[in-house]
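In what follows, a structure is listed as structure tokens, so that the remarks can point back to it.
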Amino acid sequence: MFDFTQVIDFLPQLGKGLYYTLLISIIGLLIGFALGAIFGLGRISKNKFFFIIASIYVEVIRGTPVLVQAIWIFFALPIITQYNMDSITAGVVVIAINSGAYIAEIVRGSVDSIDKGQMEAGRSLGLNKHQTMRYIIWPQAFKRMIPPLGNQFIISIKDTSLLSVILVPELMFQGRYIASNHFNAVEIYTTVALFYLVINFSLSLLLRYIERRLKY
1 MFDFTQVIDF LPQLGKGLYY TLLISIIGLL IGFALGAIFG LGRISKNKFF
51 FIIASIYVEV IRGTPVLVQA IWIFFALPII TQYNMDSITA GVVVIAINSG
101 AYIAEIVRGS VDSIDKGQME AGRSLGLNKH QTMRYIIWPQ AFKRMIPPLG
151 NQFIISIKDT SLLSVILVPE LMFQGRYIAS NHFNAVEIYT TVALFYLVIN
201 FSLSLLLRYI ERRLKY
């Protein structure tokens, strides 16, 4: 039978992994949102150069696996740039650029979904294009972004489990290390899964609360 009591002895180690999972997720997603906002607007820009750069970024990142991106950034990029990146920084970069590409499409779709008459209304009030986008289009689009953004945030948090391949000491890395040394894989991986469940369920509740608040 399974013995989950032994998991208690490894909670400090799993807690360390949880810390790095949250650290990488929060920093990576904040940077990813900034990238997504920039390149999302680039995807609807009339500036051809900006549009092409944004499109290449989105298609390349969305078209390649997170695991390959992690390996390439941690092992290949230092060879090209002659700059060695520690695993934590590499993990943040991976989550940032990966989530940024998907968030860019969320931003593009949300902005495109706003009636074109809103831009004309803003211009008729004396606002320029950038002011209309900032004060009229963006607030409405942001409300529509919340559900898909929440889904992307949850996916990105789970994607941190793939960073163990580049030796990031996050939750899955710690769980794998414990399980391989103490032969209690079922108990450890079940506990790891519960950690992820609690994090993502809490995030879902927070996003639902924000979504309700923005309706009023």
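In terms of the UniProt record's numbering, the sequence shown opens at residue 1 and continues consecutively. Even for Gly, the Cβ is constructed at its ideal location relative to N, Cα and C.
- Message: With H, G and I counted as helix, E and B as strand and the rest as coil, what does DSSP make of I44?
- Response: I44: coil per DSSP, three-state reduction.
- Would you list, in sequence order, the uninterrupted alpha helix (DSSP H) runs of no fewer than 4 residues that lie entirely inside the stretch 139-196? Listed in chain order, the complete alpha helix (DSSP H) runs (minimum 4 residues) inside the stretch 139-196 are 171-182.
- With a cut-off of 8 Å, does the C-beta of L23 fall near any C-beta of chain B? The structure shown contains no chain B, having only a single protein chain.
- Query: Relative to the C-alpha of I137, which residue among K158, Q152 and G109 is closest?
  - Reply: Closest by alpha carbon: G109.
- Query: For A185, is the classification buried or exposed, using 16 other Cβ atoms within 10 angstroms of its Cβ as the cut-off for buried?
  - Reply: Looking at its Cβ environment, which holds fewer than 16 other Cβ atoms inside 10 Å, A185 is exposed.
- Query: Given that a residue counts as buried once 16 or more other Cβ atoms are within 10 Å of its Cβ, and exposed if not, what is T160?
  - Reply: The residue in question, T160, is buried, as its Cβ has 16 or more Cβ neighbours within 10 Å.
- Query: Using a Cβ-Cβ cut-off of 7 Å (strictly less than) and excluding sequence neighbours within five positions of V7, which residues of its own chain qualify?
  - Reply: So the qualifying residues of the chain are E187, I188 and T191.
- Starting from A121 and walking both ways along the alpha helix (DSSP H), at which residues does that stretch end? It spans G117 to S124 - the alpha helix (DSSP H) in which A121 sits, taken as one unbroken run.
- Message: I'd like the span of the alpha helix (DSSP H) that includes V98, first residue to last.
- Response: Correcting the residue identity first, residue 98 is Asn in this sequence and not Val. Here the alpha helix (DSSP H) through N98 covers S87 to D112.
- Along the chain, where does the alpha helix (DSSP H) that runs through K129 open and close? In this chain, the alpha helix (DSSP H) harbouring K129 covers K129 to T132.
- By how many angstroms is the C-alpha of Y135 removed from the C-alpha of L203? When only Cα atoms are considered, L203 and Y135 end up about 28 Å apart.
- Residue nearest to D3 in terms of C-alpha spacing, selected from R212, F183, L194 and M172: Taking only the C-alpha atoms, the option nearest D3 is F183.
- Message: Spatial neighbours of F33 within its chain, please: C-beta separation below 7 Å, excluding the five flanking residues on both sides.
- Response: Excluding positions up to five away in sequence, the list reads I103.
- Item | Cα-Cα separation, E59 to K46 | Cα to Cα, the separation comes out at about 18 Å.
- Query: Quick one, which of Y209, I95, I106 and G117 has its alpha-carbon nearest L163's?
  - Reply: Comparing Cα positions, the closest option is I95.
- Report the option in L205, K215 and M172 whose CA atom is closest to the CA atom of L194. For the set L205, K215 and M172, the Cα lying nearest the Cα of L194 is the one of M172.
- Task: In angstroms with no decimal places, state the Cα-to-Cα distance between L214 and L149.
- Result: In this structure, the alpha-carbon of L214 lies about 15 Å from that of L149.
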